[in-house]
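**Student:**
Protein chains in written order, with my numbering: chain Z, 16 to 94; chain X, 2 to 142.
1) Rounded to a whole number of angstroms, what is the C-alpha to C-alpha distance between residue 37 of chain Z and residue 125 of chain X?
2) With a Cβ-Cβ cutoff of 8 Å, do residue 98 of chain X and residue 105 of chain X count as a contact?
3) Assign residue 82 of chain X to one of two classes, buried (16 or more other C-beta atoms within 10 Å of its C-beta) or exposed (fewer than that).
4) If you measure beta-carbon to beta-carbon, which residues of the region 53-80 of chain X are closer than 7 Å to chain Z?
5) Only counting the same chain, and skipping five residues up and downstream in sequence, which positions put a Cβ closer than 6 Å to that of residue 53 of chain X?
6) So, helix, strand or coil for residue 120 of chain X, using DSSP?
7) Closest to residue 32 of chain X by CA distance: which of X/42, X/56, X/71 and X/117 is it?
8) Using the C-alpha atoms, what's the distance from residue 48 of chain X back to residue 11 of chain X?
9) Could you name the residues that DSSP lists as bridge partners for residue 78 of chain Z?
10) With distance defined between alpha-carbon atoms, name the residue in Z/52, Z/57, Z/90 and Z/62 nearest to residue 20 of chain Z.
11) Buried or exposed, going by whether 16 or more other CB atoms sit within 10 Å of the CB of residue 142 of chain X?
12) Note down, in chain order, every chain X residue with its Cβ under 8 Å from the Cβ of residue 67 of chain Z.
13) Whose C-beta lies closer than 6 Å to the C-beta of residue 90 of chain Z among residues of the same chain, with five residues either side of it excluded?
14) For the region 76-90 of chain Z, which residues have a CB atom closer than 8 Å to at least one CB atom of chain X, in sequence order?
15) Considering residue 50 of chain X, what are the terminal residues of the beta strand (DSSP E) in which it resides?
16) Scan the region 104-116 of chain X for residues whose Cβ lies nearer than 9 Å to a Cβ of chain Z and list them as they occur along the chain.
17) Alpha carbon to alpha carbon, how far is residue 29 of chain X from residue 20 of chain X?
18) Which chain Z residues sit within Cβ distance under 8 Å of residue 138 of chain X?
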């Protein structure tokens, strides 16, 4: 079991009803964590999401470590 | 000046331009992104920008550093709004100064294109009919 800090943005924040959450999880990878939270909060399909771990774009199969900061990145829309 | 910043308040383009003046430069190119009153024929009444600022500043700065490396430019900067914006408000400002204009035009184009692709910023449109939605740059170029 590890503990990670998850911050939510855009539609994910609305689905989760919160800006951030400390998640205790058995997920090994970012993809597993997304799947776990998608079940809990009815997040959209992982299809077009990206993930950032500790402020860097990362692979969905990256292994999570205790204390990581995780942010799921829906398709962006700056400019 | 070579900074990427977020601002929660109205942008002040005159001051950004002033900060970039350089007597060695013969050209300055600026891009301003404005809040438009429609998207795909749908009337828009306001926008909301949300950013993952901690990462966005790093990624935005990386884009500016790449522009400095790839083009013969002297100064590059970009300021992006967050929060609630009204029609006509300035959403993003990019400024590039260079010894010669060609590099300034190219770098400015590079910066705004990469910012739109890579920096974690999200836009929610509020429509005249009361509906709203998060949109993305893959749908709307």
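Even glycine gets a Cβ: it sits at the ideal position worked out from N, Cα and C.
**Tutor:** Reading from the atomic positions:
1) Here residue 37 of chain Z corresponds to residue number 22 of the first chain, with the count starting at 1. Here residue 125 of chain X corresponds to residue number 124 of the second chain, with the count starting at 1. Whole-angstrom Cα-Cα distance: 26 Å.
2) In the second chain, the residue the question calls residue 98 of chain X occupies position 97. In the second chain, the residue the question calls residue 105 of chain X occupies position 104. In this structure, residue 105 of chain X lies closer than 8 Å to residue 98 of chain X by Cβ.
3) Mapped onto the second chain, residue 82 of chain X falls at position 81. Label assigned to residue 82 of chain X: buried.
4) 53, 55, 56 and 59
5) Translated into the one-based positions of the second chain, residue 53 of chain X becomes position 52. Result list for residue 53 of chain X: 121, in chain order.
6) Looking up residue 120 of chain X in the second chain gives position 119. In the structure shown, residue 120 of chain X sits in coil (DSSP, three-state: anything other than H, G, I, E or B).
7) Counted from its first residue, the second chain places residue 32 of chain X at position 31. That would be X/117, whose Cα lies nearest to the Cα of residue 32 of chain X.
8) Within the second chain, the letter at position 10 stands for residue 11 of chain X. Within the second chain, the letter at position 47 stands for residue 48 of chain X. Straight-line Cα distance between these residues: approximately 13 Å.
9) Here residue 78 of chain Z refers to the residue found at position 63 when the first chain is read from its first residue. Residue 78 of chain Z is bridged to Z/44.
10) Along the first chain, read from residue 1 onward, the residue named residue 20 of chain Z stands at position 5. Nearest C-alpha to residue 20 of chain Z: Z/52.
11) Sequence index remark: in the second chain, residue 142 of chain X carries index 141 (1-based). Note on residue 142 of chain X: pLDDT 46, under 50, position unreliable in the model; the coordinate value appears next. With fewer than 16 other Cβ atoms within 10 Å, it is exposed.
12) By 1-based counting over the first chain, the position of residue 67 of chain Z is 52. In chain order: 53, 56 and 121.
13) The count along the first chain starts at 1 and reaches residue 90 of chain Z at position 75. So the qualifying residues of the chain are 63.
14) 86, 88, 89 and 90
15) Counting from 1 along the second chain, the entry for residue 50 of chain X is found at position 49. Segment 43-52, the beta strand (DSSP E) holding residue 50 of chain X.
16) 113, 114 and 116
17) On the second chain, position 28 is the one that residue 29 of chain X refers to. On the second chain, position 19 is the one that residue 20 of chain X refers to. Cα to Cα, the separation comes out at about 12 Å.
18) As a position in the second chain, residue 138 of chain X is number 137, starting the count at 1. Simply 90, 91, 92, 93 and 94.
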